[in-house]
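Chemist: Residue numbers (the UniProt record's numbering): 1 to 455.
Below is a structure I'd like to ask you about.
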Ligand SMILES: Cc1cc2nc3c(=O)[nH]c(=O)nc-3n(C[C@H](O)[C@H](O)[C@H](O)COP(=O)(O)OP(=O)(O)OC[C@H]3O[C@@H](n4cnc5c(N)ncnc54)[C@H](O)[C@@H]3O)c2cc1C
């Protein structure tokens, strides 16, 4: 039975990324009218060119033992895959100190306990979404590969932790078994660990298909509408204020959900909440095998993670879908990663892309430098800002009020770090439950948006 209230104003979602799309999906499924307000284009920000990995195995957050020290060592190293640009940015340094405080095993395990249920719920929801949305969803697992035998053996400690604390054991592979498993790996690659439950998809195709499905369901998507604040009366958001090329305006709202990704700190004042989200810039480069003269045998059958060079490799049946033609392009490989804290800088430096090709070429027969020409779609070089929180756990839930106006119907769903795609369906379902007052399917406590404002 649906509880559609045709006369009620819509739930307004701010941000048309994968998290906003998922919130809209499950709210519409719960019978709510929904409007998405997007300042640019739906699906064009961080949810566009990411690596497309759906990784329930990734319960451990980026803040791990030794990570902060590595970032500090790389302060003046322009070519390090994990890097903080040396610049005076008090907001970033406050964030980095909070991150540094969590770079230890017990904080990582605590974060993992928060992330685990939402990752698992999202992964199982993708089994349904992957069947209905045209996004090249492939439940083939993820192989973490190591060139050095010592690094491969060293991962056994992480495997034991994941197996004992999170019931996420990997399958250990080496020698002939590894080569049979993934023939594209070079002979000098020492070994791998395989996570069977992981999957992958094409993020741009997902967003394109999700947009069509949401529109079919009656969700309104407005682009070029930049939200600036909320009109709150009697303890409730009544309207969402924005500017567009037509000037200032207001969208009536029965509830509002801020899903603005790395730009969520822009809402700090309007939410009355400290939003510790920093832009963790990452890059991707898509190699179209035939156009770049690559042997199809160079393409791995399954997604790879290469921790020694901090590169992820995702095989795609087709290149990016651009425009309205929906034409499947030739088989492609997406290389992605790099973590750069350099503010909101959208530039795509060729030397950073070279880290991806050079890193991957140590494991696979791909070019060691990025191809000289841009792909005709103009979509093969990409950078995005991951919405990073110090503890690696997103902010999902009702805004507690605090310094701002208390509003019973104001929610946030942001800060999904390196896992926004992997966490989106569970996040959307949880937001729909919180907005409609239904029983949450996972405990929302670990994601409390006010947890950084306490004490
Ligand atoms: C190189 C790279 C590889 C990655 N690989 C993976 C992966 O394999 N698997 C995985 O799970 N995750 C991956 N991620 C992370 C993932 O891409 C992000 O966590 C996810 O896209 C965040 O989604 P989002 O909806 O929160 O943000 P976004 O996609 O950035 O969407 C937020 C939207 O809000 C809009 N907005 C902002 N401010 C306003 C405003 N004032 N008014 C209106 N609209 C506004 C923005 O324009 C934007 O469209 C990767 C990221 C990078 C950079």
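Beta carbons are placed, not taken as given, at the ideal position from N, Cα and C, and that holds for glycine.
Suppose the cutoff is 6 Å on Cβ atoms and the five residues either side in sequence are ignored; what does the same chain contact list for residue 25 look like?
Modeler: The residue you call residue 25 lines up with position 25 of the chain shown. The beta carbon of residue 25 is closer than 6 Å to those of 428 in its chain, skipping five residues each way along the sequence.
Chemist: Check the C-beta distance from residue 243 over to residue 220 and give it rounded, since I have them as a contact under 8 Å.
Modeler: Position 243 of the chain shown holds residue 243. Position 220 of the chain shown holds residue 220. Residue 243 to residue 220, Cβ: 18 Å. No contact.
Chemist: To which residues of the same chain is residue 304 closer than 6 Å at the C-beta, ignoring the five residues directly before and after it?
Modeler: Residue mapping note: residue 304 aligns to position 304 of the chain shown, counting from 1. Answer for residue 304: 143, 145 and 313, listed in chain order.
Chemist: Between the alpha carbons of residue 462 and residue 57, how many angstroms are there, rounded?
Modeler: The first residue shown for the chain is 1 and the last is 455, placing residue 462 beyond what the model contains.
Chemist: Is residue 430 near ligand 1, with its Cβ less than 7 Å from a heavy atom?
Modeler: Counted from its first residue, the chain shown places residue 430 at position 430. No.
Chemist: So, is residue 389 buried or exposed, given that buried needs 16 or more other C-beta atoms within 10 angstroms?
Modeler: Numbered from its first residue, the chain shown carries residue 389 at position 389. Burial call: buried.
Chemist: My parser needs the alpha helix (DSSP H) runs of 4 or more residues fully inside the region 331-415; what are they?
Modeler: 350-361
Chemist: Starting from residue 207, trace the alpha helix (DSSP H) both ways and give me its first and last residue.
Modeler: The residue labelled residue 207 in the question sits at position 207 within the chain shown. Where residue 207 is concerned, the enclosing alpha helix (DSSP H) stretches over 203-216.
Chemist: Say yes only if the C-beta of residue 418 is nearer than 7 Å to one or more non-hydrogen atoms of ligand 1, and no if none qualify.
Modeler: The residue given as residue 418 occupies position 418 in the chain shown. Yes - ligand 1 has a heavy atom lying nearer than 7 Å to the Cβ of residue 418.
Chemist: Would you check if the distance between the CB atom of residue 300 and the CB atom of residue 184 is smaller than 8 Å?
Modeler: The residue given as residue 300 occupies position 300 in the chain shown. The residue given as residue 184 occupies position 184 in the chain shown. Cβ atoms of residue 300 and residue 184: closer than 8 Å.
Chemist: Taking C-beta to C-beta, are residue 295 and residue 209 nearer than 8 Å?
Modeler: Indexing the chain shown from 1 puts residue 295 at position 295. Indexing the chain shown from 1 puts residue 209 at position 209. In this structure, residue 209 does not lie closer than 8 Å to residue 295 by Cβ.
Chemist: According to the Cβ coordinates, are residue 30 and residue 258 closer than 8 Å?
Modeler: In the chain shown, residue 30 corresponds to position 30, counting from 1. In the chain shown, residue 258 corresponds to position 258, counting from 1. Cβ distance not < 8 Å, so residue 30 and residue 258 don't count as in contact.
Chemist: Tell me whether residue 50, by its Cβ, gets closer than 7 Å to a heavy atom of ligand 1.
Modeler: Here residue 50 is taken as the residue at index 50 of the chain shown, counted from 1. True, at least one ligand heavy atom lies under 7 Å from that Cβ.
Chemist: Less than 8 Å between the C-beta atoms of residue 43 and residue 15, yes or no?
Modeler: Within the chain shown, residue 43 is the residue found at index 43, counting from 1. Within the chain shown, residue 15 is the residue found at index 15, counting from 1. No, the Cβ-Cβ distance between residue 43 and residue 15 is not below 8 Å.
Chemist: If you count every other CB in all the chains shown that lies within 10 Å of the CB of residue 114, and 16 or more means buried, which is it?
Modeler: As a position in the chain shown, residue 114 is number 114, starting the count at 1. When all chains shown are included, residue 114 counts as buried.
Chemist: Please list the terminal residues of the continuous alpha helix (DSSP H) segment that includes residue 428.
Modeler: The count along the chain shown starts at 1 and reaches residue 428 at position 428. Start and end: 420-436.
Chemist: May I ask which residues mark the beginning and end of the beta strand (DSSP E) holding residue 285?
Modeler: Position 285 of the chain shown, counting from 1, holds the residue named residue 285. Segment 278-288, the beta strand (DSSP E) holding residue 285.
Chemist: Ignore the nearest five residues each way along the sequence and tell me which others in residue 21's own chain have a CB closer than 6 Å to its CB.
Modeler: Here residue 21 refers to the residue found at position 21 when the chain shown is read from its first residue. Taking C-beta separations shorter than 6 Å and ignoring five residues to either side along the sequence, the partners of residue 21 in its chain run 210, following chain order.
Chemist: Residues in its own chain within less than 6 Å of residue 426 by CB, not counting five upstream and five downstream?
Modeler: Within the chain shown, the letter at position 426 stands for residue 426. Closer than 6 Å at the Cβ level, and outside the excluded window around residue 426, lie 118, 121 and 122.
Chemist: Considering just the uninterrupted stretch of the beta strand (DSSP E) at residue 316, what are its terminal residues?
Modeler: Position 316 of the chain shown holds residue 316. Start and end: 311-316.
Chemist: Does the region 73-87 come close enough to the region 328-342 that 3 or more CB-CB pairs lie under 8 Å?
Modeler: When C-beta atoms of the region 328-342 are compared with those of the region 73-87, three or more pairs fall below 8 Å, so the two segments count as touching.
Chemist: If you compare alpha carbons, which of 53, 67 and 74 is closest to residue 421?
Modeler: Taking the first residue of the chain shown as 1, we reach residue 421 at position 421. The shortest C-alpha separation from residue 421 is found at 53.
Chemist: So, at 6 Å on beta carbons, what are the nonlocal neighbours of residue 280 in its own chain, with the 5 sequence-adjacent residues on each side left out?
Modeler: For the purposes of this step, residue 280 is taken as residue 280 along the chain shown, with counting starting at 1. Setting aside the 5 residues that flank it on each side, residue 280 is surrounded in the same chain by 339, 386 and 388, each with a C-beta closer than 6 Å to its C-beta; the list follows chain order.
Chemist: Could you pull the start and end residues of the alpha helix (DSSP H) that residue 88 belongs to?
Modeler: Numbered from its first residue, the chain shown carries residue 88 at position 88. Residue 88 -> no alpha helix (DSSP H), and no H or E assigned at all.
Chemist: Just to confirm the assignment, what range does the beta strand (DSSP E) spanning residue 222 have?
Modeler: Here residue 222 corresponds to residue number 222 of the chain shown, with the count starting at 1. 220-223 is the extent of the beta strand (DSSP E) around residue 222.
Chemist: Touching or not, the region 88-95 and the region 155-170, by the rule of three or more beta carbon pairs under 8 Å?
Modeler: no
Chemist: Whose C-alpha, out of 173, 197, 49 and 202, is nearest the C-alpha of residue 191?
Modeler: Here the question's residue 191 lines up with position 191 in the chain shown. Among 173, 197, 49 and 202, the Cα nearest to that of residue 191 is on 173.
Chemist: Report yes if the C-beta distance between residue 186 and residue 75 is below 8 Å; otherwise report no.
Modeler: For the purposes of this step, residue 186 is identified with residue 186 of the chain shown, where counting begins at 1. For the purposes of this step, residue 75 is identified with residue 75 of the chain shown, where counting begins at 1. For residue 186 and residue 75, no; Cβs fall outside 8 Å.
Chemist: In the DSSP assignment, find the beta strand (DSSP E) that holds residue 244 and state where it starts and stops.
Modeler: Indexing the chain shown from 1 puts residue 244 at position 244. For residue 244, the enclosing beta strand (DSSP E) stretches over residues 236-244.
Chemist: Could you spell out where the beta strand (DSSP E) holding residue 195 opens and where it closes?
Modeler: Numbered from 1 along the chain shown, position 195 holds the residue referred to as residue 195. 191-195 is the span of the beta strand (DSSP E), which, as asked, contains residue 195.
Chemist: Quick one, are the C-beta atoms of residue 397 and residue 423 less than 8 Å apart?
Modeler: Your numbering for residue 397 matches position 397 in the chain shown. Your numbering for residue 423 matches position 423 in the chain shown. In this structure, residue 423 does not lie closer than 8 Å to residue 397 by Cβ.
Chemist: Applying the 10 Å Cβ sphere with the 16-neighbour rule, what's the burial state of residue 65?
Modeler: Numbered from 1 along the chain shown, position 65 holds the residue referred to as residue 65. Looking at its Cβ environment, which holds fewer than 16 other Cβ atoms inside 10 Å, residue 65 is exposed.
Chemist: Per DSSP, what kind of secondary structure is residue 60 in: helix, strand or coil?
Modeler: Translated into positions along the chain shown, residue 60 becomes position 60. Under the three-state reduction of DSSP output, residue 60 falls in the coil class, being neither helix nor strand.
Chemist: Excluding the five sequence neighbours on either side, which residues of its own chain have a C-beta within less than 8 Å of the C-beta of residue 440, listed in chain order?
Modeler: As a first step, residue 440 must be located in the chain shown, where it is residue number 440. So the list reads 430, 433 and 434, once near-sequence residues are dropped.
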